[in-house]
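Chemist:
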Amino acid sequence: MNWVDGAILVGMLVGTAACMLLVQRYASVPARVNCNDVAGFIFAAVGAFYAVLVAFVVIVVWENTSTARATTFEEADELAGVYWMSRQMPLPEGAQLEGLTLSYAHAVVNTEWQQMTGHHSDPAATALMYQVRDTALAFQPNDNRESTIYQNLVQHVDGLASKRRARLNLIADCVPPLLWAALIAGAVVTIAFTFLFGLSNTWVHLMMVLSLAGLIGLSLIAIKEMNYPFDGANSVKSTAFEVFLARLPPPR
Numbered sequence: 018m019n020w021v022d023g024a025i026l027v028g029m030l031v032g033t034a035a036c037m038l039l040v041q042r043y044a045s046v047p048a049r050v051n052c053n054d055v056a057g058f059i060f061a062a063v064g065a066f067y068a069v070l071v072a073f074v075v076i077v078v079w080e081n082t083s084t085a086r087a088t089t090f091e092e093a094d095e096l097a098g099v100y101w102m103s104r105q106m107p108l109p110e111g112a113q114l115e116g117l118t119l120s121y122a123h124a125v126v127n128t129e130w131q132q133m134t135g136h137h138s139d140p141a142a143t144a145l146m147y148q149v150r151d152t153a154l155a156f157q158p159n160d161n162r163e164s165t166i167y168q169n170l171v172q173h174v175d176g177l178a179s180k181r182r183a184r185l186n187l188i189a190d191c192v193p194p195l196l197w198a199a200l201i202a203g204a205v206v207t208i209a210f211t212f213l214f215g216l217s218n219t220w221v222h223l224m225m226v227l228s229l230a231g232l233i234g235l236s237l238i239a240i241k242e243m244n245y246p247f248d249g250a251n252s253v254k255s256t257a258f259e260v261f262l263a264r265l266p267p268p269r
């Protein structure tokens with residue numbers, strides 16, 4: 018949780034406490050006690066609906082982050098496949114393709130990953146992807162062994178391009194503005210319903226309301242942090258490509 022999340026949570030709790038104290042001051046407890054039964058019935062329905070909504074959004078953003086993480090490892094695996102096939106190719110084609118795979122990995126780790134936090138991709142990494150594909154398709158096998166290498170190479174290049182597209186398709190927020198509006202409105206309505214209950218002990222009532230507000234606030238912050246898979250506390254890192262680069266053999 019960063020300072021922005023902390024400020025949101027504190028502001029939410031302070032606002033809730035202020036509203037609760039205003040209700041306690043201007044709406045008498047006996048008048049609200051008479052509404053406890055009806056308010057409790059409606060609050061149960063509202064709370065259940067909001068809990069389902071929050072649970073649905075949490076599952077969606079968590080699965081989106083898991084998909085993004087799995088996609089990066091699959092892309093790195095395909096890149097490793099291209100790299101190892103390039104080392105089986107004859108010179109100079111093999112050395113050229115080997116260098117392009119390494120340049121692509123470095124571009125993704127050093128440049129594109131930082132740009133992805135701002136919902137952008139790196140044009141230079143895209144250009145390197147095109148060069149990898151063109152170099153691989155330009156290879157002309159001379160015997161059965163090279164034909165096998167070529168077939169495997171094309172398969173890995175197609176997989177690399179596909180997984181890159183899948184990763185770049187995820188550089189957008191998972192929760193749309195309309196759903197955010199529903200989450201925030203639902204939080205306001207759910208917390209506001211707790212003001213309608215009448216308790217003789219103001220401070221006990223306040224602690225109960227703040228506990229609910231804190232739980233809802235933490236849930237919304239968790240959704241915010243997981244909303245975009247490549248930024249936030251639970252962001253997907255470039256670990257897969259870093260592992261690939263760390264385990265390379267000496268150059269030919």
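First residue of the sequence shown: 18, per this note's numbering; consecutive thereafter.
Beta carbons: idealized from backbone N, C-alpha and C, even for Gly.
Keep in mind it's a predicted model, so treat the numbers as computed, not measured.
Grouping DSSP H, G and I as helix and E and B as strand, with all else coil, what is K241?
Modeler: Counting from 1 along the sequence shown, the entry for residue 241 is found at position 224. Helix, per DSSP.
Chemist: Please report the Cβ distance between E95 and S103, rounded to the nearest whole angstrom; I am assuming they are in contact, meaning their Cβ atoms lie under 8 Å.
Modeler: For the purposes of this step, residue 95 is taken as the residue at position 78 of the sequence shown. For the purposes of this step, residue 103 is taken as the residue at position 86 of the sequence shown. At roughly 13 Å, the Cβ-Cβ gap does not stay under 8 Å, so E95 and S103 are not in contact.
Chemist: Could you check which residue in L216, G203, A239, I240 has the C-alpha nearest to that of N51?
Modeler: Translated into positions along the sequence shown, residue 51 becomes position 34. Nearest of L216, G203, A239, I240 to N51, Cα basis: L216.
Chemist: Going straight from the alpha carbon of L185 to that of H136, what length do you get?
Modeler: In the sequence shown, counting from the first residue as 1, residue 185 sits at position 168. In the sequence shown, counting from the first residue as 1, residue 136 sits at position 119. Cα to Cα, the separation comes out at about 9 Å.
Chemist: What would DSSP say about I188, mapped onto helix, strand or coil?
Modeler: Here residue 188 refers to the residue found at position 171 of the sequence shown. In the structure shown, I188 sits in coil (DSSP, three-state: anything other than H, G, I, E or B).
Chemist: Does the count of Cβ pairs from the stretch 242–257 and the stretch 176–195 closer than 8 Å reach three?
Modeler: As far as the Cβ criterion goes, the stretch 242–257 touches the stretch 176–195, which means the pair count is three or higher.
Chemist: Taking the C-alpha atoms as reference points, what is the distance between F66 and L26?
Modeler: Start at 1 with the first residue of the sequence shown, and residue 66 comes out as number 49. Start at 1 with the first residue of the sequence shown, and residue 26 comes out as number 9. Looking at the two C-alpha atoms, the distance is approximately 22 Å.
Chemist: Starting from the Cα of S252, find the closest Cα among C191, G231, L196, S179 and give me that residue.
Modeler: Numbered from its first residue, the sequence shown carries residue 252 at position 235. Per the Cα distances, C191.
Chemist: Within the 9 Å Cβ cut-off, does L108 reach chain D?
Modeler: Chain labels in this structure do not include chain D; a single protein chain is all it has.
Chemist: Determine contact between the stretch 165–185 and the stretch 83–98, defined as no fewer than three beta-carbon pairs at a distance below 8 Å.
Modeler: In short, these stretches touch, since the Cβ pair count reaches three.
Chemist: Based on Cα-Cα distance, which residue from A230, A250, S236, E242 lies nearest to L30?
Modeler: Here residue 30 refers to the residue found at position 13 of the sequence shown. The candidate whose alpha carbon is nearest that of L30 is A230.
Chemist: Just to confirm my understanding: we take W79, look at its own chain, exclude 5 residues before and 5 after, and list those with CB closer than 7 Å. What are they?
Modeler: One-based indexing of the sequence shown puts residue 79 at position 62. Same-chain partners within the cutoff: M243.
Chemist: What residue ranges within the stretch 127–178 form continuous alpha helix (DSSP H) runs of no fewer than 4 residues, ordered along the chain?
Modeler: Those alpha helix (DSSP H) runs which fall completely within the stretch 127–178 and span 4+ residues are 130–133, 140–155.
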